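Residues in the sequence shown are numbered consecutively from 0, following numbering that gives the first Met the number 0. Note that the Cβ used here is the ideal one computed from N, Cα and C, for glycine as well. Values in this document were obtained by computation on a predicted structure and should not be read as measured data.
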Amino acid sequence: MALVSWEVLCRPKKYGGLNIKGCKNWNIASVGKLLWQLVTNKEVLWVIWVHGVYMKSCKSIWEHNPPSDCSWYWKKINSLKHNMAQWYNGRTYRLTSNGDYSVSSSYNVMLGQMSRCREMDLIWSRVMLPRHRFVLWLAYQQKMQTKSRLVQLNIPITGDAESCMCELGVIETQ
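Laid out in structure tokens, this is it:
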């Protein structure tokens, strides 16, 4: 049973998440580094091999169309280049000030625009114990396992208290 969606968990802490990296987006951002090496014609063995095997007649990755008999991985890189083309200006990567590729910058762009939660500064302050931070974060997300929420999830409950963390007869506070 998931208390909070994966999308929320993968947000940075300052935007209300737990800063867990989403594998799919992180992998796409990492593959983007390979694409950047092809764009800049880095002198690395992988780029030399790709130019020798797949891009014999084409100098630019942007103009290249993968052959039908190429590997699935090469087809995947070529399918991603259309989504990533906006990140490049010639041989310069637009998302960083120095023009070099950054996996984390690409990953953050894929997360999209988010509004900052000021409450997160309090929740994730170093003054609190980690357990208290997490419980407070769950309360902020309104995902505490209160009895009313457990009933919605079809989880059997016993007793009269509103909160599963309270003793009998104690009224729940939100």
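(request) Determine the contact status of V177 and I60, defining contact as a CB-CB distance below 7 Å. (result) For the chain, the structure presents residues 0 to 173; residue 177 sits outside this window and is missing.
(message) Quick check: the Cα distance between V7 and N64, rounded to an integer number of angstroms?
(response) Put simply, the backbone Cα of V7 is about 37 Å away from that of N64.
(message) Please return the same chain residues whose Cβ sits closer than 7 Å to the Cβ of W48, not counting the five positions on each side in sequence.
(response) none
(request) Please look up how many angstroms separate the CB atoms of Q140 and V3, rounded, as I've assumed it's under 8 Å. (result) 6 Å
(message) Beta-carbon within less than 8 Å of G31's beta-carbon, same chain only, minus the 5 sequence neighbours each way: which residues are those?
(response) L79, M83, W86, Y100, V102, S105
(message) Helix, strand or coil for Y139? Go by DSSP, reduced to three states.
(response) helix
(request) Take L17 and list the residues in its own chain whose beta-carbon comes closer than 7 Å to its own, dropping the five residues that flank it on each side. (result) Excluding sequence positions up to five before and after L17, its CB lies within less than 7 Å of the CB of L8, all in the same chain and listed in chain order.
(request) With distances taken Cα to Cα, identify the nearest neighbour of D68 among Y53, C57, H81, I76. (result) Y53
(message) Report the start-end ranges of each beta strand (DSSP E) in the stretch 18-63 that is 3 residues or longer and not cut off at the edges.
(response) Listed in chain order, nothing qualifies, since the stretch 18-63 has no complete beta strand (DSSP E) run of 3 or more residues.
(message) Excluding the 5 residues flanking V43 on each side, which residues of the same chain have their C-beta closer than 7 Å to its C-beta?
(response) Q36
(message) In this structure, how does DSSP classify Y14 when only helix, strand and coil are distinguished?
(response) Here Y14 sits in helix by DSSP.
(request) Check each candidate in M143, L94, Y92, L33 and name the one with the smallest Cα separation from T75. (result) A small correction: the amino acid at residue 75 is Lys; Thr does not occupy that position in the sequence shown. Considering only alpha carbons, the answer is L33.
(request) Drop a sphere of 10 angstroms on the beta-carbon of Y92, count the other beta-carbons inside from all chains shown, and report buried for 16 or more, exposed for fewer. (result) buried
(message) K55 and W123 - do their beta-carbons sit closer together than 7 Å?
(response) K55 is positioned such that its CB atom lies no closer than 7 Å to that of W123.
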